[in-house]
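See below for the structure under consideration.
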Amino acid sequence: MTTTMVQALNTALRDAMRADESVVVFGEDVGVLGGVFRVTDSLADEFGADRCFDTPLAESGITGFAIGMAMRGFRPVIEMQFDSFAYPAFEQVASHVAKLRNRTRGALELPMVIRIPYGGGIGGVEHHSDSSESHYAHLPGLKVVTPATVEDAYSLLRSSIDDPDPVVFMEPKKLYWSKSDTALPVRAPGLGAARIARPGGDVTFVAYGPSVPVALDAAEAATEQGLDIEVIDLRSLVPLDDAAIEASVNRTGRCVVISEAHSFAGIAAELVARVQQRCFYSLQAPVLRVAGLDIPYPPPLYEHLYLPSVDRVLDVVDQLEWDELPNRAV
Amino acid sequence: MTTTMVQALNTALRDAMRADESVVVFGEDVGVLGGVFRVTDSLADEFGADRCFDTPLAESGITGFAIGMAMRGFRPVIEMQFDSFAYPAFEQVASHVAKLRNRTRGALELPMVIRIPYGGGIGGVEHHSDSSESHYAHLPGLKVVTPATVEDAYSLLRSSIDDPDPVVFMEPKKLYWSKSDTALPVRAPGLGAARIARPGGDVTFVAYGPSVPVALDAAEAATEQGLDIEVIDLRSLVPLDDAAIEASVNRTGRCVVISEAHSFAGIAAELVARVQQRCFYSLQAPVLRVAGLDIPYPPPLYEHLYLPSVDRVLDVVDQLEWDELPNRAV
Amino acid sequence: MVAPTDERGPRGLLPSVSPVRFLTVDGELTELDEHGGYQLPPAERLATVYHQMVVGRHFDTEATNLTKLGRLAVYPSSRGQEACQVAGVAVLGAQDWLFPTYRDTVALVTRGIDPVEALGLLRGDWHCGYDPVATRTAPQCTPLGTHLPHAVGLAYAARRRGEDLVAMAFVGDGGTSEGDFHEALNFAAVFDAPVVFLVQNNRYAISVPLSRQSAAPSLAHKGIGYGIRSEQVDGNDAVALMAVLSAAVESVRSGAGPMLVEAHTYRMEAHTNADPVDRYRDASEVAEWVERDPLRRLERYLRAAGELSDADVQAAEHAAEELVTWMRPRMNVDPVVDPAAMFEHVYAEPTAQLIDQRDMVVAEADLLAGEDR
Amino acid sequence: MVAPTDERGPRGLLPSVSPVRFLTVDGELTELDEHGGYQLPPAERLATVYHQMVVGRHFDTEATNLTKLGRLAVYPSSRGQEACQVAGVAVLGAQDWLFPTYRDTVALVTRGIDPVEALGLLRGDWHCGYDPVATRTAPQCTPLGTHLPHAVGLAYAARRRGEDLVAMAFVGDGGTSEGDFHEALNFAAVFDAPVVFLVQNNRYAISVPLSRQSAAPSLAHKGIGYGIRSEQVDGNDAVALMAVLSAAVESVRSGAGPMLVEAHTYRMEAHTNADPVDRYRDASEVAEWVERDPLRRLERYLRAAGELSDADVQAAEHAAEELVTWMRPRMNVDPVVDPAAMFEHVYAEPTAQLIDQRDMVVAEADLLAGEDR
Ligand SMILES: Cc1ncc(C[n+]2csc(CCOP(=O)(O)OP(=O)(O)O)c2C)c(N)n1
Ligand SMILES: Cc1ncc(C[n+]2csc(CCOP(=O)(O)OP(=O)(O)O)c2C)c(N)n1
Ligand SMILES: [Mg+2]
Ligand SMILES: [Mg+2]
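Sequence lines, in order, name chains A, B, C and D.
In this text, residue positions in the first sequence follow the working numbering: the first is 1, and each later residue adds one.
In this text, residue positions in the second sequence follow the working numbering: the first is 1001, and each later residue adds one.
In this text, residue positions in the third sequence follow the working numbering: the first is 2001, and each later residue adds one.
In this text, residue positions in the fourth sequence follow the working numbering: the first is 3001, and each later residue adds one.
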C-alpha cells in the first residue's frame, strides 16, 4: 500500500493517541477539517473532540495552553498552521517551552510537540514558505526534528511524542505528498541519529528535510562526472549526530551542506562550522553551503530561483577544489 | 569630560531629534523615567511628550505602531526594555519590519530603529540576559548593528537613525557604564564597516558588542605567550564587513570568533563558516569559537561560568594547532 | 478611583443590543427601533454602493474562475461579504487609508485599484501588486491581526501631522483572537488614534466556527474593555452598513476617538478554492444565508424605493462585464519573471553579500536561458 | 444572530459600577450598596488574613533589607498589596494552583513556601527556588502575561481529569496590555477553564501610569469582551477582597466558568529597589495611599468588631519576627554554585554537545579551584 508523508504523520498521531490517553492534539482547523494539510484527518472522529480539537486563532495562546496542559499530565501535540504563523508564539517558545524544565530543575517537564509545516516549494503566497528551523535550533532546551522520508515521518513523530522534552517537529511541506510503499508502523532509532541516505566516498552532502531529495538527485546527477557522493539525512538538528557527519567527512574530505533556510546565520552555518573544526585535517576544500538566499522568501513565480536546486548544488560541487574530477582521473 | 555608553546613546538620540523633527522615541518607561537604563533620560523634557513617550506594555503593539508611524513619515526609534522582552514582537519584526520594503517593491520604506539592550554580565534574573542578535541577523531585510565603544554607540546609533532601512540596534548592557573621554559628536563610517580594535599578526579575533573588551583583554594577556593578536570589532552583523575579516585572517592564518550568544546556530557559526570558506588556503588551524553555552542563560550566581572569559579564549587560542607558540620560537 | 459615568462610560461604549438593521431579508425597511438611532443614508450613495457591489461580485466570480485556470495561486472569495467590503471603502475619502486582509480583494477593486494589480499577491507575481502609497491602501495582510497596529500607528502619525485622515482596518472574526488585535485596540484608545476597526464576522475562520472563537455576547463587546465605542450591524444589509460606518468614520474624523464595528455576515464560498468546505459545514446553513444575500436585498429595496431602474441595473452589469473583459486578457499573460528583481528592495542598497547572491542567480538564469535557446 | 440575553449576557458579565468595598479608609463597615451583593466573610477567616498580612509585611521589609545587604539581586516589593496577595492565596485550597508574577513573593510566603526558597529567583541562586509541583505554585513569571495561558491550560487539563482544581492567576495592570492576556482570557472562556484572573491594578507599570495603559472604564470591563464575568474590588480592603475572591473561586469551582477580578490598589514602594521612583511620581500621591493602608484598615475593623485582641496582634508580630529570624541567617549563607548544575535539566538527558560543554566548564572550574588552593 502506498503511503504519503501526510498519511504517515496521521498514522503516527493516531497510533500515539491509541497508545497513550494523555496525548491530545489541538490547534487551528485540526478538528473536523483535519488540518489544512489533513495531517490530523479523522482524529477528532476516532478520539472525540476532547482529544483532538480546534482552538481560537492565537498561536501564543495555543502554545501557552499546551504548556499548562503538559504541566498537568497531558502530552499535547499542537499544530502551527504554517511556519511564519508560529512567530506569534515565539516568546512562549523561547521563554517558556525551551526553559521550563531547566528553570524548575526538572520539577516540571514539558513532553509536548509543536508541529510546524515549513519551507517552500508549494507555490504558497507570502508568509507561507519560511524555513524557521534555525531559530528553534538556536534555543537550548528544544529538540528540533525534521523527517525527509515517509518512514521517518512516522517514526520520528512517534519518538518526538514519546520524548520527555519539548520537540519542535518541522514538517517539510514540499514532501507532504511524497510516497512510500513501506508498511507502517516502522520505528527507527530515537532522536539524534542521522541516516546515511546514500553511501559514497568522494563528497559528503549534509542535508535534512526538504533538501534531502535535492541532495539525492544531485548526487545521482553527479555520477555522470564520476562522483560518488554520500548523502547524510540529519533527521534531527538538535540533538545533532556529529559522529555520523564527522565519520563521513573524514572519509570523503569534501562536504556541502544543503538547507532551504536563509543562508546567513542559519543552521547550515552551524553545520559548516562544526565540520571544519572536527575534520580540519581531512578537508580537501572548504565546506560549502547551498542554502536559501538572504532575501524574504519570494512570490510563487520566483521560488524556483530561491530554492536550492540540483544545478546549484552541482555548481558548488565543482568549486570543491578538484585537481581533476574523478571521472577525468580514470 | 568622561562619557558613558548610556550617555553617548542619549546624546545620539538627542542630536538626532534635534536634527530631524520626524525622529520620535517611544516604548516602555522611556518618557519621564528616561528608560530603565536612562538611555532616553530627559528627552521627554526637551522634546515634549509628543516626541518621546511611554506606551502600554505590549512589544508587538509598539513595533506595529512604529511601522504605521514610519509609513506616514516618521522615523521611530523604539526601545524594547530587555532582549527577551522583544520576543513578543517577533512576528511583527520577522513578517513586517524585515519585509515591508521588499513586499511593496520599495513603495514603503521603514526607516525605524529597534533598540534592544542585550546580553548578560549585569546580574540580571532570568529573561534579562539573552543574546538574541542571531535571530535578527538571520532575517533578511533587517540591519543588525551593535557598538562596543562609547564612540561607536554614538556614531552607530546616529547612522542607524539616518538609515533608510530598519535597524535592530543591539546595546550591550554590560558596557552601558563603560567610559571614554572622547568628546561627542564623533562620526565613524556608516553601517557595514568593521574596525580593527587592535592590530596584530598571529591570530585574528572576530568579536562584536560585549565580547570586544573580552577579546582585547585576551589579546593583551596573550602577549605573555608572545602572541600578537588582531581584534576585529564588527560593529554591524548585517551588513557584514567580509573584506576586513578576510584581509586579517589571510594575514594571520588563525581565527577565533567570540560571541556571547548561544553557540549552536548562532551568528558566530556564520562568521566561522565564512572565514573557512574565504580563507581556506590561509588557515593554519580550524576557525574556533568561544560563544555562549547551549543552555538557558543561567542565574546571576552562575553567569561568570556562562560568559566567554579571557581564560576560555586563551584556552581556545592554545588549540589553534601551534607547532610551537611564537614565544617559544624566539 | 474609577469614573464609570464619564463620557467614555459603559453605556456609551457598548454596542446596540442586537445588530443594527435597516433592511429585512426581503429588502423592506425595518422598524425604527432596529436602526439603533442611525439615519437612513442618502439614496444616491446607496445606488452607487449597489453598483460597486455588482462589480465586486462579478470580479469575485472571475477571480474564482481564474484559480480554475491556474492563473491564481489561490483565491479567498469575498462572496456574501460585498456589502461589508464595499461599504467599508465607500465611506472613506481619498485621503483616508484602508488596511485590508487577504480576503478583501473586492474592497481593493472598490477602492479603484486595478484588478490585475489587486490580484498580484494571489497571482504570485509579487507580494503586493499595487502601490500602497498611491492608493492609500496597505498591502493585503496575511498574518492575522498584524496590520491592525500599523493602522493605529499610521492614523496617529497623520493626526500628529495635522492631516485629516481616518484609517479603516478590516479584520476577520478569527483575527480578533490574536494578541495583536488586543494591542492595536488598546493603543488606538490610549493614543486616541482615528481608526475604525471593522470586524467582518463571517462566522468561520477557515473551519473554526464562531463558537470556538469567542464566548462573548458579540465581538463588538470587546470595545468597552479598551474604552472604545463599538457597534454591531447586520453585515448583509448595505443600508445599515452605510449608516453605521459613515457615522463611525464621521465620529472618528471629528476626533471622538477610535471605533469598533462588528458586521455579522457569512462567507458563502469555501475559505479559498483549496478548502473542502463540506467537511465542516452543512449546505443547509449556506442555503439560509443565500436568503440574506446582500446584493439582492439592496436591489429589492432600491427598486421598491424607486431609486434603481432596470437601466441602472444593466449599467452596473455592464460596468462589471467591462471590468472583467479588461482584466481577463491581462490575467492570461504570463508575468515577466526577472531573477534580479528578487534582490531589489531587500534594502535600499543591496549589501555586498546580496550582490554576490544576485550575480549567482542571474548567471544561472542566463545559462538556463542560453540552454533553452 | 446574537443572544444578548442569555446567561452570559451583558448585564451578568459587567463588573459593579464602582469597586466593591466593605471597609472605609478608617476601617468602618460601608453601606450595603457598596458591597455589590457579596457577603461579609466570617470573622475567623479575616483574623487569619490579618495574621498573614502582618507576616507578609514583615517578610517584605526584610526582603528589601536584604537587597541593601547585597543578598538579593533585586526585589520588587509587595508593600501596599498585601491584602490582594494574601486574600488571593487565602481563598485557595491546597489542591488549587497559584500562578504568581515576580511581584508576588508575599503570596508565595502566604502559600506556605519557605521564604528562602521563595527568594531563590531574586537571590540569583536558581530561576525558581521552590518545587512548583509540591507547592502547586507555578514559577514566578517575569515575561508579562505569559503565565496566564499556562494557568488556563493547567486548569482545563485538571477539569478534563475530573480534578477539583481552580487556578488563580495574578497579573499587573501593565500585564493586561500584552497580547497573552487577551489570548488567555479568550481561551479560558472558550474552554470554560476554572481560572480566576486577579489583576492587581497598582496604578503603575514601573513608571507608566494607568492612564497610559488603558482608556477603559476599568480593567474589569475587559471581561465582557470574552464572555467572562468580571468584578472590581477595592484592593486595599481585605474584607472586600475576601468576599469577592471567595465568591469568585466558589463560582469558578462550581463550573460557572472563569472570572476576572480587578483589585484597585497601589504600589507603595518603587518598582524595585533599583527604581528611582521620585522621577515619576509625587510623594503626595503616595501619602494619600498611606491613609488607605490595607493592614491598618483591617486591624481597625477587626478590633472594633472585637475579633482581634492585643494578644492576637502580638501573636502575629511574633510569628512575623520568627519567620524573619528563621530566614535571616539562611539568607546570609552563600549558596553553593556547582558548575555542572547549569547543564542539568536542559534536557531530560544531556546531549553529546552539552556533555562536551559541561566537561569544559567543569575542567575550568577545577583548574581555578586548584589555583585558588
Ligand atoms: C497568525 C496567523 N495564523 C494563522 C493563519 C492562517 N490562516 C489564514 S486565514 C485563517 C482564518 C482567518 O479567519 P478570519 O479571521 O475569520 O478571516 P476570514 O478568512 O474568515 O475572512 C487562518 C487561520 C494566518 N494567516 N496568520
Ligand atoms: C514582556 C515583558 N515586557 C517588559 C517587561 C519589563 N517589565 C518588568 S515589570 C514591568 C512593569 C509591569 O507592570 P505591571 O504589570 O503593572 O506589574 P507591577 O510591576 O506593577 O506589579 C515591565 C515593563 C517584562 N517583564 N516582560
Ligand atoms: Mg471569518
Ligand atoms: Mg502595576
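Cβ coordinates follow ideal geometry from the N, Cα and C atoms, glycine included.
Next on the checklist: Taking 7 Å as the threshold (beta carbon to beta carbon), is PHE280/A in contact with chain B?
Outcome noted: Using a CB distance cut-off of 7 Å, PHE280/A counts as an interface residue toward chain B.
Checklist entry - Does any residue of chain C bring its CB to less than 7 Å from the CB of HIS3221/D? => result yes
Checklist entry - SER1180/B by DSSP, collapsed to three states: which one? => result In the displayed model, SER1180/B falls within a strand according to three-state DSSP.
Checklist entry - For the putative contact between TYR3226/D and ALA2215/C, defined by C-beta atoms under 8 Å, what is the C-beta separation to the nearest angstrom? => result Contact between TYR3226/D and ALA2215/C holds: their C-beta atoms lie close to 6 Å from each other, under 8 Å.
Item to check | chain B residues whose Cβ lies nearer than 9 Å to that of ASN2186/C | outcome: PRO1056, ALA1058, GLY1061
Next on the checklist: Between GLY3172/D and chain C, is any beta-carbon pair separated by less than 7 Å?
Outcome noted: Among the residues facing chain C, GLY3172/D is not included, as its CB has no counterpart in that chain under 7 Å away.
Next on the checklist: Rounded to the nearest angstrom, what separates LEU2185/C and ALA19/A at their Cα positions?
Outcome noted: 45 Å
Next on the checklist: Taking the straight line between their C-alpha atoms, what separation do you get for THR11/A and VAL36/A?
Outcome noted: Roughly 16 Å separates the two Cα atoms.
Checklist entry - Looking only at its own chain, which residues have a Cβ that is under 6 Å from the Cβ of HIS3051/D, when we skip the five neighbours before and after it? => result ALA3316
Next on the checklist: Can you determine whether any heavy atom of ligand 2 sits closer than 6 Å to the C-beta of PHE1267/B, and answer yes or no?
Outcome noted: Residue 1267/B is actually Ile in this sequence, not Phe. Outside the cutoff, so no.
Checklist entry - Run through DSSP, which three-state label would LYS1143/B get? => result strand
Item to check | the segment 3152-3182 of chain D: positions lying closer than 9 Å to chain C by Cβ | outcome: Cβ contacts with chain C come from THR3176, SER3177, GLU3178, GLY3179, ASP3180, PHE3181, HIS3182.
Checklist entry - So, do the segment 2106-2113 of chain C and the segment 2146-2156 of chain C have three or more beta carbon pairs nearer to each other than 8 Å? => result no
Item to check | Neighbourhood of VAL1330/B by C-beta distance below 8 Å, restricted to the same chain and skipping five residues each side | outcome: Model confidence at VAL1330/B stands at a pLDDT of 37, short of 50, so the residue's coordinates are unreliable; what they give is reported in the following sentence. Counting only Cβ-Cβ distances below 8 Å, and skipping sequence neighbours, we find GLY1226.
Checklist entry - If you compare alpha carbons, which of PRO210/A, LEU314/A, GLY106/A, VAL23/A is closest to ARG235/A? => result PRO210/A
Checklist entry - Considering only residues of the segment 3191-3233 of chain D, which uninterrupted alpha helix (DSSP H) runs meet the minimum length of 4 residues and lie entirely inside it, listed in chain order? => result 3210-3213
Checklist entry - How big is the Cα-Cα spacing for ALA221/A and HIS2147/C? => result 46 Å
Checklist entry - If you draw a straight line from the alpha carbon of THR104/A to that of LEU142/A, how long is it in whole angstroms? => result 15 Å
Next on the checklist: I'd like to confirm something about GLU28/A: is its beta-carbon nearer than 6 Å to some heavy atom of ligand 1, or not?
Outcome noted: yes
Checklist entry - In chain order, what residues of the same chain lie with their CB nearer than 6 Å to the CB of HIS3271/D, ignoring the 5 residues before and after it? => result ILE3206
Checklist entry - Is the CB of LEU2367/C under 7 Å away from at least one CB in chain B? => result no
Checklist entry - What are the start and end residues of the beta strand (DSSP E) that includes VAL1113/B? => result 1113-1118
Next on the checklist: Does the beta-carbon of TYR3204/D, which I'm using as the reference point, lie nearer than 6 Å to any heavy atom of ligand 4?
Outcome noted: Ligand 4 has a heavy atom closer than 6 Å to the beta-carbon of TYR3204/D.
Checklist entry - Among residues of its own chain, excluding the 5 on either side of ARG328/A, which ones have a beta-carbon nearer than 6 Å to its beta-carbon? => result Since pLDDT at ARG328/A reaches only 43, below the 50 mark, its modelled position is unreliable, and no value is offered.
Checklist entry - Can we count ASP2173/C as close to ligand 3, meaning its CB is less than 6 Å from some heavy atom? => result yes
Item to check | Reduced DSSP category for PRO2019/C - H, G, I as helix; E, B as strand; rest coil | outcome: DSSP, reduced to helix, strand and coil, places PRO2019/C outside both helices and strands of the structure shown, so it counts as coil.
Item to check | Backbone secondary structure at VAL1330/B - three-state DSSP | outcome: Unreliable positioning characterises VAL1330/B in this predicted model, as indicated by a pLDDT of 37, which lies under 50. A coordinate reading is not provided.
Checklist entry - Is DSSP giving MET3259/D helix, strand or coil here? => result strand
Checklist entry - If you measure from the CB of THR2142/C, is any heavy atom of ligand 1 nearer than 6 Å? => result yes
Item to check | Complete alpha helix (DSSP H) runs within the segment 3244-3291 of chain D (minimum length 4 residues, chain order) | outcome: Taking only runs of at least 4 residues, the alpha helix (DSSP H) segments lying wholly in the segment 3244-3291 of chain D are 3283-3290.
Item to check | Boundaries of the alpha helix (DSSP H) in which GLY2056/C is found, first to last residue | outcome: 2043-2068
Next on the checklist: Under 6 Å: does the beta carbon of ARG3103/D sit that close to some heavy atom of ligand 2?
Outcome noted: Annotation for ARG3103/D indicates a beta carbon within 6 Å of some heavy atom of ligand 2.
Checklist entry - Taking Cβ-Cβ distances below 9 Å as the criterion, which residues of the segment 1263-1288 of chain B are in contact with chain D? => result For the segment 1263-1288 of chain B, the beta-carbon criterion of a distance under 9 Å to any beta-carbon of chain D is satisfied by SER1263, PHE1264.
Checklist entry - Within the present structure, is the beta-carbon of PHE2059/C separated from the nearest heavy atom of ligand 2 by less than 6 Å? => result Shortest gap from the CB of PHE2059/C to any heavy atom of ligand 2: 6 Å or more.
Checklist entry - Quick one, which residues of the segment 2345-2367 of chain C are near chain B if we go by CB-CB under 7 Å, in chain order? => result Those residues of the segment 2345-2367 of chain C that come within reach of chain B (Cβ to Cβ, closer than 7 Å) are HIS2345, VAL2346, TYR2347, ALA2348, THR2351, ALA2352, GLN2353.
Checklist entry - Buried or exposed: MET1001/B, going by 16 or more other Cβ atoms within 10 Å of its Cβ? => result Exposed, since its Cβ has fewer than 16 Cβ neighbours within 10 Å.
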